[in-house]
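Asks: Here it is, the structure in full.
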Amino acid sequence: MSADAWIDVVVMVLVLLGALLCLTAALGLLRFRDVPTRLHAATKPQVLGLLLILVAVALSLRSWAVLAFIVPIVLVQFATAPLSAHMVGRQAYRNGTYERQALVVDELAGSQETPPAAGG
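To convert, count from 1 in the sequence shown and add 3; that's my numbering.
Laid out in structure tokens, this is it:
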């Protein structure tokens, strides 16, 4: 096999793995029941899946212009996914839409963001 054929095989494997990770992220959002596990499913596999697909695109097209276009996409994704998950998690804490028993350590218990008691 030539070098181009090997690169094409690697590209196909990376795209398949990236698509599977993005699919597991979507299934996790549908199947998990509480906010923290949904946030984990929404951020971790989705970001890695996108990264694998972008690496496959860069390998397939073999151009510096494509790489220069992909690097900011990866940086923005790495910056915004954890930030948005953090904001959604804090809002769930403020609303009280989480399972208090599932928290191992409640670092926000003494803050002014403590949600009102349920049923009260």
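Just so you know, even glycine gets a beta-carbon here, dropped at the ideal spot from N, CA and C.
1. Taking only three categories from DSSP, how would you classify Ser87?
2. Taking the straight line between their C-alpha atoms, what separation do you get for Phe81 and Ala112?
3. Need the endpoints of the alpha helix (DSSP H) that Gly113 sits in, please.
4. Please state whether DSSP places Ser5 in a helix, a strand or coil.
5. Which value, in whole angstroms, describes the spacing of the CA atoms of Leu106 and Leu23?
6. Tell me the start and end of each unbroken beta strand (DSSP E) in the stretch 20-95 that is at least 3 residues and wholly inside, in chain order.
Replies: The answer reads as follows:
1. Look at Ser87 here: in three-state DSSP terms it is helix.
2. Whole-angstrom Cα-Cα distance: 29 Å.
3. Boundaries cannot be given for Gly113, as no alpha helix (DSSP H) includes it and DSSP labels it neither H nor E.
4. Residue state, collapsed to three classes: coil.
5. Looking at the two C-alpha atoms, the distance is approximately 30 Å.
6. Annotation note: the stretch 20-95 contains no uninterrupted beta strand (DSSP E) run of length 3 or greater.
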